[in-house]
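These notes are about the structure you will find just below.
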């Protein structure tokens, strides 16, 4: 793909030193609700309100999300690691075992999440082996009051020990 000389293992190790939140990007189509686990999520703009996430270009789940034109970013809480892991098992539909409600775009809002952001796809940019998907925020809300986000750092999951004061 590229002719640089960056070692892939070193790249993962170095970037693994940066903590990320864990999200489920969900959508719904004629086959029902579905989602993918995403750590590469962030804010783009306040005015207009835009967010982004970066799915792999080969992802079948991304192709389904793209076809719907809408998605919801569910920011997972520290107690939702098992829920997150359930989306890696392609043999079982995790939505059969969880509570969720349709957001304004119809995309699933996962019960117990820290917060949710319901979006329509605004733009898609190719970036190496991923896409950068920019979403226009249609609606958003806080989930479980006082909950802490699930974090990923250096190949391990955790959360804040003590949340900083506002």
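Residue numbers (the working numbering): 24 to 189.
Quick reminder that beta carbons are idealized off the backbone N, C-alpha and C, glycines included.
Below 8 Å CB to CB, which residues in the same chain sit around residue i once its five sequence neighbours on both sides are set aside?
i: residue 40; result: 176, 177
i: residue 115; result: 109
i: residue 82; result: 59
i: residue 99; result: 44, 45, 46, 47, 106, 107, 133, 136, 137, 172, 173
i: residue 147; result: 89, 154, 155, 156, 157
i: residue 73; result: 66, 67, 145, 157, 158, 159, 160
i: residue 32; result: none
Would you kindly report the start and end of the unbroken beta strand (DSSP E) that includes residue i?
i: residue 108; result: Taken as a continuous stretch (DSSP letters only), residue 108 belongs to no beta strand (DSSP E), being part of the alpha helix (DSSP H) at 104-109.
Kindly give me the distance between the Cβ atoms of residue i and residue j, rounded to whole angstroms, as I take these residues to be in contact under 8 Å.
i: residue 130; j: residue 61; result: Residue 130 to residue 61, Cβ: 14 Å. No contact.
i: residue 158; j: residue 94; result: 7 Å
i: residue 92; j: residue 155; result: About 17 Å; that fails the 8 Å criterion.
i: residue 64; j: residue 96; result: 6 Å
i: residue 77; j: residue 28; result: Actually they do not touch by this definition, with Cβ atoms about 23 Å apart.
Closer than 7 Å by C-beta to residue i: which residues in its own chain qualify, once you throw out the five before and the five after it? Chain order, please.
i: residue 181; result: 174
i: residue 165; result: 138
i: residue 84; result: 57, 59
i: residue 87; result: 50, 52, 57
For residue i, write down the residues that DSSP places opposite it in a beta bridge.
i: residue 82; result: Partner(s): none; residue 82 has no beta bridge.
i: residue 58; result: 49
i: residue 64; result: 76
i: residue 94; result: 142
i: residue 181; result: 174
How about residue i: is its Cβ closer than 6 Å to a heavy atom in the ligand MG?
i: residue 115; result: With respect to small molecules bound, the structure shown includes none, and the ligand MG cannot be examined in it.
So the alpha helix (DSSP H) residue i belongs to, where does it begin and stop?
i: residue 69; result: First-last for residue 69: undefined, no H or E at that position.
i: residue 33; result: 31-38
Below 6 Å CB to CB, which residues in the same chain sit around residue i once its five sequence neighbours on both sides are set aside?
i: residue 163; result: 140
i: residue 128; result: 93, 141, 161
i: residue 122; result: 134
i: residue 118; result: 56
Runs of 3 residues minimum, wholly inside the region 125-178: which ones carry the beta strand (DSSP E) assignment?
131-133, 138-150, 153-165, 174-176
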